[in-house]
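Encoded as structure tokens, the structure appears first; notes follow it.
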Amino acid sequence: MKFVAFERAKQGTGASRRLRITGRTPGIVYGGETPATQIEIDHNALWHALKKETFHSTILDMELAGKESKVLLRNVQMHPFRQLILHADFQRVETNTKLTMKVPLHFSGQDVSPAVKTENCMVTPVVTELLISCLPADLPEFIAVDLSALTKGSSLHAKDLALPKGVSVVTRGKENPALVSVIALAEEVAVDPAAAAAPAKGKAGAKAPAAAKPAAKK
697 MKFVAFERAK QGTGASRRLR ITGRTPGIVY GGETPATQIE IDHNALWHAL KKETFHSTIL
757 DMELAGKESK VLLRNVQMHP FRQLILHADF QRVETNTKLT MKVPLHFSGQ DVSPAVKTEN
817 CMVTPVVTEL LISCLPADLP EFIAVDLSAL TKGSSLHAKD LALPKGVSVV TRGKENPALV
877 SVIALAEEVA VDPAAAAAPA KGKAGAKAPA AAKPAAKK
């Protein structure tokens, strides 16, 4: 995916504010042997690009000063309540250097799994993206996760995935984190309509006690 950036001459809070008024978003490109470069990007073009999953998880072609370079989107700062991008950070990609980034998980097959189809369970994703490490040439756009074999009481972990060649999972804290859980749904108890409508003995069906006779006058 390609986008166009322009070199930004002025820096500072005031300059960035004036830049946003003109419909541009300030940003920075860093990494590699080249010094960090201050850039600006058309806000509307960047806004629409951010809506696409590939802009977040793939290597991008950035055109700057007539030259193209490979970069990754690393961070985006948004206004707390306005539809406004405040700043964007990009990292240069080096061909022979491994990179670490999050890629989305695309789940499929849960509707035909035994857990859902015959065992009255619900399949719930625990995470929707995964941190991986690989060379730029091996970076996948997403990782496909097949859930068609899930059964009641089972789960799916990071080590269960069939990863693309050259890709490894980066785990922090947990050695083999869970990706999907299978939850059994509560079974509904069938109620006999006739039994529900019948009056309970000793209550609704019981006869009211006879009224006491008045005492005879003397």
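Residue numbers (the working numbering): 697 to 914. Quick reminder that beta carbons are idealized off the backbone N, C-alpha and C, glycines included. In this text, all values refer to a predicted model and were calculated from it rather than measured experimentally.
So for A880, helix, strand or coil by DSSP? In the three-state reduction of the DSSP assignment, A880 falls in the strand class, which pools E and B.
Environment of R714 [buried if 16+ CB atoms lie within 10 Å]: exposed
Give a yes or no on whether the C-beta atoms belonging to L843 and V799 are separated by under 8 angstroms. no
When DSSP labels each residue in this structure, what does K914 get in the three-state scheme? Annotation note: pLDDT 47 at K914 (below 50); position unreliable, coordinate value reported separately. K914 falls in the coil class under three-state DSSP.
List the whole-angstrom C-beta distance separating V878 from C817, where the pair is believed to meet the contact cut-off of C-beta under 8 angstroms. 5 angstroms
Starting from K848, trace the alpha helix (DSSP H) in both directions and tell me its first and last residue. No alpha helix (DSSP H) holds K848; DSSP gives it neither H nor E.
Cβ neighbour criterion (16 or more within 10 Å) applied to S851: exposed
Distance between C830 and N872 (C-alpha atoms, nearest Å): 18 angstroms
By a C-beta neighbour count over all protein chains shown, 10 Å radius and 16 as the cutoff for buried, is L768 buried or exposed? buried
DSSP-derived helix/strand/coil call for I717: Residue state, collapsed to three classes: helix.
Just verifying my parser: in three-state terms, what is the DSSP assignment at A784? strand
Excluding sequence positions up to five away, which residues of its chain have a Cβ less than 8 angstroms from the Cβ of R716? P722, H739, L780, L782
C-beta contact flag for A811 and K848 at 8 angstroms: yes
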